[in-house]
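Position 7 (the sequence shown) corresponds to 9 in my numbering; numbering is contiguous. Where a beta carbon is used, it is the ideal one built from N, C-alpha and C, also for glycine. Values in this document were obtained by computation on a predicted structure and should not be read as measured data.
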Amino acid sequence: MSRIQRHWHWSVPYIETLALQQHRRQRMLQGEAELLLLAEHPPTITLGKRGGQILNTPLNTTVQQIRRGGLATWHGPGQLALYPIIHLHKRRLGIRNFVCALERSIIDVLALYQITAKRSSSPGIWVGEKKIASIGLDVKDGISIHGAALNIYNEPRVFECIEPCGDPTLQYTNLLLESNQQPPSLHSIGLEWVDLFLKRINNKEVDTIV
């Protein structure tokens with residue numbers, strides 16, 4: 003496999019990050035390198051392929067209808083997203099194995115901060131009965147886009163603007179609330195997350211972040 007590039011989108015509108023993912027997927031069909039894209043977005047509500055329920059749209063929040071799995075979710079400051087644009091066919095990875103690698107990498111990150119997290123029958127990662135990370139993918143031509151969003155510093159109440167995962171009773175948490183220590187920057191956590199994800203897909207070849 004070719005080397006995997008890593009790139010930051012810091013405070014970049016969600017739609018611009020999505021456009022880069024879609025462009026990179028097309029370029030990968032012509033042999034361009036895979037990409038791990040880390041992002042923190044301005045406030046955005048996204049609706050998956052099955053739609054989703056918006057209860058209210060907060061001020062300065064955009065709404066995007068996209069093609070990932072899942073229903074409604076929120077992205078914004080204090081939340082870290084990892085979008086792996088990965089060629090599953092070349093890696094001989096099934097979608098379920100790929101999702102498991104992504105899930106396990108989140109659990110690995112949280113363990114660094116003495117947080118015990120788990121998978122559930124519902125998509126995402128949970129601490130107790132509260133959701134701390136969301137996952138939604140779109141795989142086309144064997145190449146994935148979209149990915150996972152991990153709550154770091156964002157206030158859990160921001161999710162009250164939607165009906166998350168179709169469950170009005172669902173509660174959220176974040177790394178800051180669950181950890182016994184002050185977490186570092188999103189950039190530092192992003193570096194840790196990428197390394198742990200790469201270990202899970204058995205590839206440690208990484209280019210420098212730009």
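Taking the continuous beta strand (DSSP E) assigned at residue i, which residues delimit it?
i: Ser136; result: 132-142
i: Leu84; result: 81-87
i: Leu49; result: 46-49
i: Ser2; result: A query on residue 2 cannot be resolved here, the shown segment of the chain reaching from 3 to 212 and no further.
i: Glu42; result: 37-42
i: Gln24; result: Not the beta strand (DSSP E): Gln24 falls in the alpha helix (DSSP H), residues 16-30.
i: Arg94; result: Unbroken run through Arg94: none, as it is neither H nor E.
i: Gln184; result: Premise fails: Gln184 is in no beta strand (DSSP E) and is neither H nor E.
i: Thr75; result: 74-77
i: Ile127; result: 127-129
i: Arg8; result: 7-12
Locate the alpha helix (DSSP H) running through residue i, then write down its first and last residues.
i: Gln66; result: No alpha helix (DSSP H) holds Gln66; the beta strand (DSSP E) holding it covers 64-67.
i: Leu178; result: 177-180
Beta-carbon within less than 6 Å of residue i's beta-carbon, same chain only, minus the 5 sequence neighbours each way: which residues are those?
i: Gly126; result: Lys133, Ala135, Ser136, Ile137
i: Ile145; result: Arg27, Met30, His89
i: Gln81; result: Ala151, Asn153, Asn156
i: Asn58; result: Cys163
i: Glu180; result: Ile117, Val129
i: Leu39; result: His9, Tyr85
i: Gln67; result: Leu49
i: Thr19; result: His11, Ala41
Starting from the C-beta of residue i, find all residues in its chain whose C-beta is less than 7 Å away, skip the five residues before and the five after it, and write them out in chain order.
i: Pro185; result: Tyr115, Ile154, Leu177, Leu178, Ile191
i: Ser107; result: Trp195, Leu198, Phe199, Arg202
i: Ala35; result: Ser4, Arg5, Ile6, Gln7
i: His77; result: Tyr16, His43, Thr46, Thr48, Ala83, Ala151
i: Arg121; result: Glu105, Ile127
i: Ile147; result: Gln23, Gln24, Arg27, Tyr85, Ile87, Asp140
i: Leu188; result: Glu42, Leu82, Ile154
Once DSSP output is grouped into helix, strand and coil, what is the label at residue i?
i: Arg106; result: helix
i: Arg159; result: helix
i: Ala113; result: helix
i: Arg202; result: helix
i: Glu34; result: coil
Please work out which residues of its chain come closer than 8 Å, Cβ to Cβ, to residue i, disregarding the five sequence neighbours upstream and downstream, and give them in chain order.
i: Thr210; result: With a pLDDT of 45 at Thr210, under the threshold of 50, the modelled position of that residue is not reliable, and no figure is offered here.
i: Ser13; result: Glu42, His43, Pro44, Pro79
Assess, as a yes-or-no matter, whether the stretch 96-112 is touched by the stretch 163-175 under the definition of 3 or more beta carbon pairs within less than 8 Å.
no
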